[in-house]
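Colleague:
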Amino acid sequence: MIHRAAPAIALVVLAMSASVATDEEEIGHLIPPGYTPEQEADEKGLWAEFEEIELQLRKSALLVEDVYLNDYIKGIVCRVAGPYCADFRVYIMRNPGFNASMTATGMMQIWTGLITRASSSDEIAAVVGHEIAHYTRLHSLQKLRDMKKKSATGAFFDLILIAATGYSGVGQAAAIMSMLSFSREQETEADILGARLLAQAQYDPHASYRVWQKLIAEEKAAVVKREEPTAFSRTHPDAEVRMQYLKSWVTAHYGEPDVEIVADKPFVDMLNANYLFLMEDQIDTNRFGRTREMLERHAEIGVEPSLVRYFYGEMFRQRGEPGDEDLAMAAYRHSIEGGNPPPQAYKNLGYLHLKNNELEKAQNNFRLYLELEPDASDRAMIEFYLEES
Amino acid sequence: MIIRRILLLVAIGTITGCVATGYTLVQPGPNAAQELRVTADNGWNLAPTMMTPAARTGTQTWTQDGLLLDRLVLIPAVPDGGTLFIDRSNTAALPMFRKNMLPNEIEELIESTLVKYFGEGQATVSTSNLRPQMYGEQRGVMFDLSAQLSDSPDYRGTIGAFIANDKLYTIWYIAAHPHYHDKHSQRAEAIIKSAALVN
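So the sequences go chain by chain: W and P.
For the first sequence, counting from 1, position 286 maps to 286 in the working numbering; every step adds exactly one.
So the working numbering is basically just the index in the second sequence, starting at one, shifted up by 1000.
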């Protein structure tokens, strides 16, 4: 598939490179820090709509309020944004999909699935830089005006009508963002300006295409394809083309990448601190090919081995294919041997022993689970098995 | 996602004004969804199957105040390798029931199914208080659930489940929290605990 597509991709990359070579010097910020619209009615209307959505978003039950995680992400945003830092409000949304978005008003959403798919702070910064570029290039406003021009009947489906469709909060934001999806040209502009912002902030600009390499690898590993592409990829050009183009552009401007890529400690520390809830949400998607791809990456970059092995156990056990129970037991044992297992590793190893009719081994693990988790909400269930003989 | 489709159907029915809702009163006393028997009290209404397009054959959905506010779902006889709902697109990656599942795995199966039920990426679902429960002569489990949705009220509920003859039988009570959940939870839990196989 890749082999057949290669000539076409090469042509597109060449065409994009040629057009960018002449225009790239002009791709800069169009608005100053602290920008607010004063004159244009349509822009003021757009801002009013997004401000309303932001009020709803602040009440969302899926908003991640963990201070450490928020400070970490906001730190990246401010470092990339530089003088524009105060323009942005960052909202981390608990969603295992891969996405980030930015409104014309500076409301930035980061989904937790982006965090679990990244391998370094540089890769998170790459997505952030891209979204900041959309903001400072006024892409939402341009798109709005472009849509108005193209509305031949005059029956322009304006934002106020969308707000009346019954969507609210995040659903409403998603509907509007979908309508305002950016053009290929706008995406290319955001890629180039984003990579520049990345380099200016002393992040690795090569991270801009590595993000796409990972998404492509994950898509290939997926057992069940999604009904629709993710919100991010639906609004962006073909990932393979984009990855190749960005790689060429960044290499031409910033040189070859380092041979060895080492994940930064702040990123790994942040992931370790939030790993349980991030990966539990991923496991709940029941998409085991994608989960395995993530776990392999997490093991490579040095996420706490006991945690990664525990989720290997979860992935194998819940997948339930022939041989998976043995793989799950081995993974839980490795997690425990690693010295820092979650208490659930003992419990789920115990349940697997039960399946093998090894009651004594099961009960030993159940006891260890309750010692580590004396207030476990499933204590009644565990004690039921401890009383069996 | 499933709940959103139901919402759409409700909206279409309301707008057109010509679609018969087709709800029927559940008679108090013994009721059965295939061989899954429960004992109902007053006030439950059986939803028409058009309102629950993703339901498996034999599933019954009851409600007191309307499907968006509360529902009691009776899912009988899910076979080994089956899913708790129908995925017509084959892209939802619904988790499959396996006949050798233990209590923790039944809990995870239903938690993951509920993530799909509410819309993947649109909700987080957590379960708690897994405990043993007898259903007639069958050993089974009960547990509680909590779901936070992106742009809807929170939902809470209680789930009952047991395996008999290599098939899964499960009863769900899910309602908007706090008002509707608290309003019917004790009655719903009594119905769940009354579940048993028809002799």
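Cβ coordinates follow ideal geometry from the N, Cα and C atoms, glycine included.
1) Would Ala-1093 (chain P) pass as an interface residue toward chain W - the criterion being a Cβ-Cβ separation below 8 Å?
2) Under three-state DSSP, which class holds Val-262 (chain W)?
3) Could you check what DSSP says for Leu-161 (chain W) in three-state terms: helix, strand or coil?
4) Applying a beta-carbon distance threshold of less than 9 Å, which residues of chain P neighbour Tyr-346 (chain W)?
5) Could you list the residues in the segment 285 to 303 of chain W with a C-beta less than 8 Å from some C-beta on chain P, going in chain order?
6) Identify the continuous beta strand (DSSP E) that holds Thr-1039 (chain P) and give its terminal residues.
7) Report the partner residues of Trp-111 (chain W) according to the DSSP bridge assignment.
8) Report all residues from its chain with a CB closer than 7 Å to the CB of Ala-199 (chain W); omit the five preceding and five following residues, and keep chain order.
9) Closer than 7 Å by C-beta to Arg-309 (chain W): which residues in its own chain qualify, once you throw out the five before and the five after it? Chain order, please.
10) For the beta strand (DSSP E) containing Lys-1167 (chain P), list its first residue and its last residue.
11) Considering Asp-324 (chain W), what are the terminal residues of the alpha helix (DSSP H) in which it resides?
12) Three Cβ pairs or more, each shorter than 8 Å: is that satisfied between the segment 304 to 321 of chain W and the segment 339 to 348 of chain W?
13) Could you list which residues in chain P have their beta carbon closer than 8 Å to that of Gln-318 (chain W), in chain order?
14) Three-state secondary structure (DSSP) at Pro-1132 (chain P)?
15) Closest to Phe-88 (chain W) by CA distance: which of W:Leu-62, W:Val-80, W:Asn-95 is it?
16) With DSSP run on the structure shown, which of helix, strand or coil describes Pro-1030 (chain P)?
17) Taking the alpha-carbon of Tyr-1169 (chain P) as reference, which of P:Asn-1129, P:Gln-1122, P:Leu-1084 has the nearest alpha-carbon?
18) Quick one: Cα of Ala-1055 (chain P) to Cα of Gln-282 (chain W), how far?
19) For a contact defined as C-beta to C-beta under 8 Å, what are the partners of Ala-380 (chain W) on chain P?
20) Count the other CB atoms, across all protein chains shown, that sit within 10 Å of the CB of Asp-66 (chain W); report buried if there are 16 or more and exposed otherwise.
21) DSSP state of Asp-1070 (chain P), grouped into three classes?
22) For Gly-82 (chain W) versus Ala-239 (chain W), is the C-beta distance shorter than 8 Å?
23) Using three-state DSSP, classify Ser-1126 (chain P) as helix, strand or coil.
24) Please state if the CB of Met-294 (chain W) and the CB of Tyr-72 (chain W) are separated by a distance shorter than 8 Å.
25) Assuming Leu-278 (chain W) contacts Phe-98 (chain W) under a Cβ cut-off of 8 Å, what Cβ separation, rounded to an integer in Å, is found between them?
26) On a CA-only basis, which of P:Thr-1091, P:Leu-1114, P:His-1184 is nearest Asp-1041 (chain P)? Give me that one, please.
27) Taking Trp-1062 (chain P) as part of the beta strand (DSSP E), name the residues at either end of that continuous run.
28) Over what stretch of residues does the alpha helix (DSSP H) that includes Tyr-245 (chain W) continue unbroken?
29) Strictly under 8 Å for the Cβ-Cβ distance: is Asp-281 (chain W) near chain P by that measure?
30) By the 7 Å beta-carbon criterion, what residues does the segment 1146 to 1165 of chain P contribute toward chain W?
31) Between Pro-229 (chain W) and chain P, is there a C-beta pair that is closer than 8 Å?
32) Quickly, what does DSSP pair Ala-1164 (chain P) with across the bridge? List them, please.
33) For Gln-363 (chain W), which residues of its own chain have a beta-carbon under 6 Å away from its beta-carbon, when the five flanking residues on both sides are left out?
34) Are the CB atoms of Asn-286 (chain W) and Leu-1094 (chain P) nearer to each other than 8 Å?
35) Taking C-beta pairs closer than 8 Å, name the residues in chain P that Phe-366 (chain W) reaches, listed in chain order.
36) Please confirm if Ser-70 (chain W) has its CB atom under 8 Å from at least one CB of chain P.
Modeller: Straight from the coordinates:
1) On the second sequence, residue 1093 (chain P) is found 93 positions in, with the first residue counted as 1. Yes, contact with chain W.
2) By one-based count along the first sequence, residue 262 (chain W) stands at place 262. When secondary structure is reduced to three states using DSSP, Val-262 (chain W) falls in the coil class, being assigned neither helix nor strand.
3) Locating residue 161 (chain W) in the first sequence gives position 161, where the first residue counts as 1. With a pLDDT of 35 at Leu-161 (chain W), under the threshold of 50, the predicted position of this residue should be treated as unreliable, though the coordinate-derived value follows. In this structure, Leu-161 (chain W) counts as helix in the three-state DSSP scheme.
4) In the first sequence, the residue the question calls residue 346 (chain W) occupies position 346. Ordered by position in chain P, no residue passes the 9 Å Cβ test against Tyr-346 (chain W), which lies about 12 Å from the chain.
5) Considering only beta carbons, the part of the segment 285 to 303 of chain W lying closer than 8 Å to chain P consists of Thr-285, Asn-286, Arg-287, in chain order.
6) As a position in the second sequence, residue 1039 (chain P) is number 39, starting the count at 1. Segment 1036 to 1040, the beta strand (DSSP E) holding Thr-1039 (chain P).
7) If you number the first sequence from 1, residue 111 (chain W) lands on position 111. BP columns for Trp-111 (chain W) point to W:Met-93.
8) The residue given as residue 199 (chain W) occupies position 199 in the first sequence. For Ala-199 (chain W), where only same-chain residues beyond five positions count, the Cβ hits under 7 Å are Pro-205, Tyr-254.
9) In the first sequence, residue 309 (chain W) corresponds to position 309, counting from 1. Here the set comprises Ala-331, His-334, Ser-335, Gly-338.
10) Working through the second sequence from its first residue, we reach residue 1167 (chain P) at position 167. Unbroken beta strand (DSSP E) run through Lys-1167 (chain P): 1167 to 1176.
11) For the purposes of this step, residue 324 (chain W) is identified with residue 324 of the first sequence, where counting begins at 1. Per DSSP, Asp-324 (chain W) belongs to the alpha helix (DSSP H) from 324 to 337.
12) With the cut-off at 8 Å, the segment 304 to 321 of chain W and the segment 339 to 348 of chain W touch.
13) Residue mapping note: residue 318 (chain W) aligns to position 318 of the first sequence, counting from 1. Residues of chain P passing the Cβ test: Pro-1095, Glu-1105, Glu-1108, Ser-1112.
14) Start at 1 with the first residue of the second sequence, and residue 1132 (chain P) comes out as number 132. Note: Pro-1132 (chain P) maps to strand in three-state DSSP.
15) Taking the first sequence and counting its residues from 1, one reaches residue 88 (chain W) at position 88. Checking every option, the nearest Cα to that of Phe-88 (chain W) belongs to W:Val-80.
16) Residue mapping note: residue 1030 (chain P) aligns to position 30 of the second sequence, counting from 1. The three-state reading of DSSP puts Pro-1030 (chain P) in strand, counting E and B together.
17) As a position in the second sequence, residue 1169 (chain P) is number 169, starting the count at 1. Distances from the alpha-carbon of Tyr-1169 (chain P) to those of P:Asn-1129, P:Gln-1122, P:Leu-1084 put P:Leu-1084 closest.
18) What you label residue 1055 (chain P) is simply residue 55 of the second sequence in a count that begins at 1. What you label residue 282 (chain W) is simply residue 282 of the first sequence in a count that begins at 1. When rounded, the distance between both Cα atoms is 25 Å.
19) Position 380 of the first sequence, counted from the first residue, corresponds to residue 380 (chain W). Chain-ordered, the chain P residues with CB closer than 8 Å to the CB of Ala-380 (chain W) read Asn-1129, Leu-1130, Arg-1131, Pro-1132.
20) Taking the first residue of the first sequence as position 1, residue 66 (chain W) is located at position 66. It is exposed - the Cβ of Asp-66 (chain W) has fewer than 16 other Cβ atoms within 10 Å.
21) For the purposes of this step, residue 1070 (chain P) is taken as residue 70 along the second sequence, with counting starting at 1. Correct three-state label for Asp-1070 (chain P): strand.
22) For this step, residue 82 (chain W) is matched to residue 82 along the first sequence. For this step, residue 239 (chain W) is matched to residue 239 along the first sequence. Result no, Cβ atoms of Gly-82 (chain W) and Ala-239 (chain W) do not sit closer than 8 Å.
23) Along the second sequence, one-based indexing puts residue 1126 (chain P) at 126. Here Ser-1126 (chain P) sits in strand by DSSP.
24) Reading the first sequence from its first residue, position 72 is the one you call residue 72 (chain W). Reading the first sequence from its first residue, position 294 is the one you call residue 294 (chain W). In this structure, the beta-carbon distance from Tyr-72 (chain W) to Met-294 (chain W) does not fall below 8 Å.
25) Residue 278 (chain W) sits at position 278 when you count from the first residue of the first sequence. Residue 98 (chain W) sits at position 98 when you count from the first residue of the first sequence. Contact between Leu-278 (chain W) and Phe-98 (chain W) is absent: CB atoms are separated by about 13 Å, not below the 8 Å threshold.
26) Along the second sequence, one-based indexing puts residue 1041 (chain P) at 41. Nearest C-alpha to Asp-1041 (chain P): P:His-1184.
27) Residue 1062 (chain P) sits at position 62 when you count from the first residue of the second sequence. DSSP places Trp-1062 (chain P) inside the beta strand (DSSP E), whose first and last residues are 1060 to 1063.
28) One-based indexing of the first sequence puts residue 245 (chain W) at position 245. Element bounds for Tyr-245 (chain W): 239 to 254.
29) As a first step, residue 281 (chain W) is located in the first sequence; it is residue number 281 there, counting from the start. True, the Cβ-Cβ gap to chain P drops below 8 Å.
30) The segment 1146 to 1165 of chain P vs chain W, Cβ under 7 Å: Gln-1148, Leu-1149, Ser-1150, Asp-1151, Asp-1154.
31) Reading the first sequence from its first residue, position 229 is the one you call residue 229 (chain W). Note that Pro-229 (chain W) scores a pLDDT of 47, beneath 50, so its modelled location is shaky and nothing firm can be said.
32) Stepping through the second sequence from its first residue, residue 1164 (chain P) is reached at position 164. Per DSSP, the beta bridge partners of Ala-1164 (chain P) are P:Lys-1167.
33) Along the first sequence, read from residue 1 onward, the residue named residue 363 (chain W) stands at position 363. Listed in chain order, the non-local C-beta contacts of Gln-363 (chain W) below 6 Å within the same chain comprise Leu-386, local neighbours out to five positions each way being set aside.
34) Within the first sequence, the letter at position 286 stands for residue 286 (chain W). Within the second sequence, the letter at position 94 stands for residue 1094 (chain P). Closer than 8 Å, so yes.
35) Counting from one through the first sequence, the residue named residue 366 (chain W) turns up at place 366. Contact of Phe-366 (chain W) with chain P by beta-carbon distance below 8 Å is absent, the smallest such distance being about 11 Å.
36) Numbered from its first residue, the first sequence carries residue 70 (chain W) at position 70. Position check: residue 70 (chain W) holds Asn in this sequence, whereas Ser was assumed. So, not an interface residue.
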